[in-house]
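Comments concern the structure below.
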Amino acid sequence: MAISRWLSKHSPTPWRIVAVSVMLTILAQIVMVQIGLTYVNSMNRMIEDNRKSNVSTQFYHNTLLQLGEIDHLLQLLQTPYFSTYFQESLLYRDAHFAAVHRAELSAKLNALHLSPDLVHRIYFIGGDAGQAAWIKDIGQDGFAELPNIRMDLLQKIHMSERFLEDHNRIVKYSSQDLSKFIDSRHLAQDKTVIRELRLFTENLKNRMIISNGNMNGVLILMQLQDDFFRTGLPLLQSEAFSFSVEDTQGNRLWSSDDAPVGQASAKELSPYPYKVTFAPATPIVHYSIFTLWNRLIWLFCATVVVTFGISFFYAKRTLDSFLLLSRKMKEQSRGDRWDSKSISEEWIPKSIIPLTLRQRLLVIFSLAAMLPTLTGGWLYSGLFNQVVQKQMGLMIGEIGTYTGVSIQNRIDSMNHLINQIHASEPLQILLKRTYNSEIPEPMSDVSVNVSIPMLAGLNEAEYFVLFDAGGQAVYSSIFSDNRDLFRLEPGEMRNTDEAYWINGYKDAFNTIKPALIKRFAYRSDRGLSVYYLLLVPRESLFEKLSPLGFALQIKDSFGTQIYPYDRFPPEFGAGAMQWSGRVPESDWRMEVSYSNDRIVYKNREYKYAFLLIIAIVWLLSIVLALTITAFLLKPLRELKRMMALAGEGKFYQATIDKGRNEIAEIVRSYNGMIRQLAEVVHQNMNVMEENANIKIRETELLSTKALAELKMLQAQIKPHFLYNTLEAINMRCMRTGNRDIGMMVTALADLFRYSISNDTEVVTLDNELDHVRNYMAIQQFRTGNLYTFQIDVPKELLAASVVKFILQPIVENCLKHGLEGFDEEGWIGIKIRSEAGCLRIEVSDNGIGMDSVRLTQLNNELEKGTEIHRDHKSDEGGGGIGLSNVSHRLRLYYKDQAVMNVVSEPMRGTRTLIELPLNFG
Amino acid sequence: MKKKGYLLLGLIMAVGLTACGNNKSGSETNSPVKEGNESQQASPSDKGGKDADPIVVRFNINNDEISTEQIKQFEDDNPGIKIQREDTDATKLAAQLATGEAPDIIRISGVNDTPSYVIRGIAMDLTPFIQKSSIIREDDLGPATNVFRFDGKVQGQGPIYGIPKDWSPDYTVWYNKKLFEAAGVPIPDASQPMTWKELFELSKKLTITEGDTIKQFGLGILGKSEADLPWLMTYLLSKGVTLSSSDFSSIDYDKPEVKEGLGLWVDAVKANVGPNQINQDKAAWGGEIFLTDRAAMMLSGYWFSGLLRNDEHTKTHLDDFGMLPAPIAEGGKRVSPTGSATGAIINKATKHPEETWKVYEWYFGGKLAEERAKGGWGVPAMKHLVEMLPQTTEFDKQAFKVLQGELNYSNDVLEVNPYLLNGDALLKKHLTPVYFGKSMLDEAMKQLNKDASTLLKEGMSAAQK
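So the sequence lines, in the order shown, correspond to chains A and B.
Numbering-wise (full-length UniProt numbering), the first sequence opens with residue 1 and increments by one.
Numbering-wise (full-length UniProt numbering), the second sequence opens with residue 1 and increments by one.
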């Protein structure tokens, strides 16, 4: 693989190892930071979304509530209870009557306790000149009068059509919208009227107006508070959001600030023809990116430095041993003489925990990469969590504040409702019936029995009950026939004119609910009677407020739980983020808690991601460690193997890596060493070879020498001359009749002929024996038949092949040594037998024998067969070649297959034994 | 080893990267934005464009004039058509007409409203539909239904623009025997109509006061016991006097006959014959007092018998009640017109004329008309249903008998100026100061003329656009 080649070029050095572990750490850090930032960003997004949706939802709900209030109010004002005053031709009646009625209406309106935050002013405009037309400024007593403006006037100038068109909708009129109707053509001369109209339209322009557009009764125009919609926002609203309300044509009715709405999301305020738009004005990121990055970078650098330090220190230590080894080997190989000093084991560095290289690298990487990763991870996560916590805190605080406003608004609406119930005609009728001593006029069934449910706004209430001063129920909106189910305890009837909430009202259903109670006084002809109205809101009133993903708990000033009704407080899980605060303008307290699930889920995801990274880093470390180890160890193992081989005598050179690191150096040193060794061994081998060669040559030389001697001997004798001479002698002897001499001469000639003929090396046994006989004959002639000579040989063996000149020398030997000094009865016998493919030749004499020392010596010589050892004693210069020669030649020819040895005892004769392979021809 | 190492490495990185990737993208689970829609009001102007959606016919009518069961019955029998009932709110209707969002079927008073709706081009000519209809036959329509005819000039002739759900001669008089006895006044003869003067005299006699409280009223009418325009026109019809010019471009109230008639009322108001603005009695209309035995007479149409038959208080003693023919003007001819004839027109701008006619036909003809006839809540528009009016009890019989007499005189149509919208309110407005003694009738009529002519001019120019 190309990679391995590349890697082999860049094999590990401590610096490289350090670099790798640092890179590993950096990689891990980067990934963790990335994950962390992703986490923070996604949490931020989630928080932002949550915030956006919850805040906008709260505003939305509040706005709906307020619009509902306005709507209810407008409906209420159109009921005869209020509007009859403008249909009863009040201005045609006497002043007293008018004044009384005027006061009556004023009292009724005041009893509603209308909030100036909602409505600024109400116009009641009667149909014609006979009807009243008044303006009520909320918060002020009494009415202002409209002298001339009536419905018929507005119809005349067609302004009424505009109101009709916009009926029941909040509109904002520009100055042109209404004043264009003030056309003097219609109005002829009447300047007062024109002035009044102009003032009227002037007061209406650029305000939020809602009217009933009514043609056939009373025109009711409500001018809403300019900042009417702001009641949906907390007092101190962050600049983070800007809200605005628009109508269906897109005209802006109100906005929380004058900034143009940017990336706005709109929500329809159904069933009303408006929509709320809100835009986040500033991005939510409250944490300073700079500080975050600052800290991150510090952490990052610290981590890298630590990694660097650890890995450097440890890597150096680990590879130091190799360095030393390398140096030692270098010294070794550079030395002049062959120093066979082995590297002392002393300086192999011992560590506290003996580890192999692989283990050490593992440790390096694990430590160097893991440790910083772990700490870094922990610190990063701490950092990020801190940021996230902060964000969450802000979010919860904000949402809590908005929810507080919502709760406040709901409480207010309940207060309004209870006032409206009190102020409503049906209730007043009921009160009249209840408290008047006289039986009032019988009510016709056509106007149905006190149908209080017709009062708008009662959707928010579960029910209400009218109690008399004794706590007895006089009327209830549910179970009206079973009023006794409802009861008010003395403790629940407080001595205050302000509305108050009680908790733990046990109602007819035996459930504990919060309830709003207000004490009213009713003046009848019996005097002042006190009664209590109890209103129980629906749980959904508060339920709707609960922000998405949050649990809401509302408590009153005594700490009793108001919401959720009759249930355990919502589970605020461990570690849930909570915010508690006071409900504005009340003594209630509220708590919102963010449901943990998503945080926990995200957190867990994040933790898992970290753990995964750490695991990956760890695995990477392992893999790298193993890889590097492999690289480091491979050449070493090679080296080891080569060394082992070298020990066995196989000298190879280790594969070289061309790197410039310690291992390569070691290898090079080793190679040098090996080379030297090889040289030495080679030389030794050469020397040994030479010796062997010399030995061989020597042997060759010996045989050559013998051969040369023989040849020389043979060459010295001129055979033809000799034969001729002898023949001549033989002839003479024959002629002279010296037969004996002639026989001797013939024997001698045969002897000589046999000796010097070198045609063949092997002869038949017969020939050899003839030669011996010839010799013996001559010897006997010389000595005068001193000895007896016997030959014992089977006829069939005569044809066997034997080496020339083996018998005669032995016989000669016997004569010379064995029978030396014998005067008579000397005996030599030759016995030849065949045995198991061997030819046994025994030459015995009855001579003096030899002592064991000499015998042994002799046998040894014969055994060796190589040395030509001349027994000085036997050297007579007679031309005998001796037993050794025979033995040597036997060896040369028969190699191992010939055996020759001598048996002898002093004075008991000598026996020479020869064994040869039996061959014929 | 190397190879394996790299493989392992690669695997791990792949796993790691996917996990990281999941972290990034998976965490984008958006917190669901709660839309927080309050209860959605069904869009009223659903024109039902798609084939799959049923066609919604918007029917402007009171909730006691049609029941949910009836609607359901129709919808079951006519899949693909839905009826959406809408309340009769004058303001709302006016606004809707102005913006072109008026319902498909609009409840109107045939007498008072037909001309102006035709003039304004709102009413659809129903003649072709009726001619094709098997349920509503033109020759079966009673003469009183002619109030829904208008040719642009004369009401009572021309194309048919609507049908009454039922009608009554509206100026018949109901009496309570007991109260007559209490006042010691004899009950008039039912075979002959009284004059208006006689009626008012009678009602004064029948009004009993005790100190400041009025124990018994003499005469109740459909609103407060004060003059209204339909009464005036009835009076003038009997007198044979018209107010508007033939082209309706002008109108003159300042006529002696007018003052004569209205004068009767001014007196009656002063005499507190019924609840009125002066005495500020809580009763909103004469029905309240008549049904509770507080009024001796009730000026109301035949339909009032239905109320008597069904009301808690009166149904127990129906025999105490009886019907008298409609009074006539002094020296005038006998007339017994309908003052209203509540019916409906079809909005010319409807997007579904066929389906709307189906609903119209079903409501005004057919079974529902029969039921209404049987209930005795009014005279049916179709002649053949008249017999179905209740005739079981004595009360029924008596009323039916008188009715039969009246029907002979019900063919005349009250004069109505189509360009004078809200003429009634105008009249009342000008009469009020007279009741209060702040003005004289003469002056009031002159003022009335002034206002009326301005309104006429406007009405005419508006209609011409």
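Note that the Cβ used here is the ideal one computed from N, Cα and C, for glycine as well.
As the structure is a prediction and not an experimental result, all values here were calculated from the model.
Proximal chain A residues relative to residue i, where beta-carbon distance stays under 8 Å
i	result
B:Phe436	Ser89, Tyr92, Arg93, Gly130
B:Gln280	Glu88
Own chain residues within Cβ distance below 6 Å of residue i, not counting five before or after
i	result
A:Ala898	Leu890, Leu916
A:Gly880	Because A:Gly880 carries a pLDDT of 47, less than 50, the predicted location of this residue cannot be relied on, and the following value inherits that uncertainty. If we look at A:Gly880 and ignore the five residues flanking it on each side, its Cβ neighbours are Glu812.
A:His771	Tyr754, Gln808
B:Pro103	Arg58, Asn60, Glu86
residue 929 of chain A	The structure shown does not extend to residue 929 of chain A, since chain A spans only 1 to 921, so no value can be given for it.
A:Val171	Ile209
A:Ala144	Ile135
A:Leu105	Tyr85
B:Asn23	Any reading at B:Asn23 needs caution, since the residue's pLDDT is 46, under 50, leaving its predicted position unreliable; the model's value is listed next. Result list for B:Asn23: empty, nothing under 6 Å.
Top-ranked residue by Cα proximity to residue i, from the options
i	options	result
A:Val530	A:Ser311, A:Asn495, A:Val763, A:Ala609	A:Asn495
A:Arg833	A:Pro809, A:Pro794, A:Glu824	A:Pro794
A:His101	A:Leu73, A:Gln75, A:Val119, A:Gln131	A:Gln131
A:Tyr173	A:Phe143, A:His158, A:Glu165, A:Lys205	A:Lys205
B:Trp231	B:Ala296, B:Gly301, B:Asp247	B:Gly301
B:Trp357	B:Ile106, B:Ser67, B:Glu69, B:Glu181	B:Ile106
Residues that residue i contacts on chain B, provided the C-beta gap is smaller than 8 Å
i	result
A:Gly213	Thr91, Ala95
A:Gly127	Ala425, Lys429
A:Leu164	Thr91, Ala94, Ala95, Ala98
A:Asp71	Those do not exist, as A:Asp71 stays about 12 Å from chain B at its closest Cβ, beyond 8 Å.
A:Asp117	Those within 8 Å of A:Asp117 in chain B number zero; the least Cβ separation is about 22 Å.
Own chain partners of residue i with C-beta closer than 7 Å, once the 5 adjacent residues on each side are dropped
i	result
A:Cys814	Ile828, Val843, Asp845, Gly847, Thr910
B:Ala463	Ile119, Arg120, Tyr419
A:Asp481	none
A:Asn901	Asn859, Leu862, Leu913
A:Ser89	Gly130, Gln131
Cross-chain neighbours of residue i in chain A, by beta carbon under 7 Å
i	result
B:Pro433	Tyr92, Gly130
B:Gln277	Glu88, Ser89
C-beta atoms of residue i and residue j nearer than 8 Å
i	j	result
A:Lys136	A:Arg150	no
A:Arg45	A:Met395	no
B:Pro169	B:Ala326	yes
A:Ser593	A:Met370	no
A:Val617	A:Phe308	no
A:Met32	A:Phe610	yes
A:Lys267	A:Tyr60	yes
B:Gly332	B:Lys239	yes
residue 928 of chain A	A:Arg162	Since the first residue shown for chain A is 1 and the last is 921, residue 928 of chain A is missing from the structure and cannot be characterised.
B:Gly339	B:Tyr171	yes
A:Ile182	A:Leu197	yes
A:Met414	A:Pro564	no
B:Ala399	B:Ser305	yes
B:Leu126	B:Ile81	no
Spatial neighbours of residue i in its chain, beta-carbon cut-off 8 Å, leaving aside the 5 residues before and after
i	result
A:Pro234	Thr401, Tyr402, Gly404, Val405, Pro584
A:Ser115	Ile138, Asp412, His416
A:His422	Ala111, Lys518, Phe520, Leu533
Contact list for residue i against chain B, beta-carbon separation under 7 Å
i	result
A:His167	Thr91, Ala95
Q. Considering only residues of the stretch 697 to 749 of chain A, which uninterrupted alpha helix (DSSP H) runs meet the minimum length of 4 residues and lie entirely inside it, listed in chain order?
A. The alpha helix (DSSP H) runs lying completely inside the stretch 697 to 749 of chain A and spanning 4 residues or more are 719 to 736, given in chain order.
*Where are the alpha helix (DSSP H) runs, 4 residues long or more, that stay fully inside the stretch 767 to 822 of chain A, in chain order?*
Correct list: 807 to 813.
Exercise. Please specify which runs of the beta strand (DSSP E), each continuous and at least 3 residues long, are wholly inside the stretch 494 to 574 of chain A, giving them in chain order.
Key: Counting whole runs of 3 or more residues, the stretch 494 to 574 of chain A contains the beta strand (DSSP E) stretches 500 to 506, 512 to 524, 527 to 537, 550 to 555, 561 to 563.
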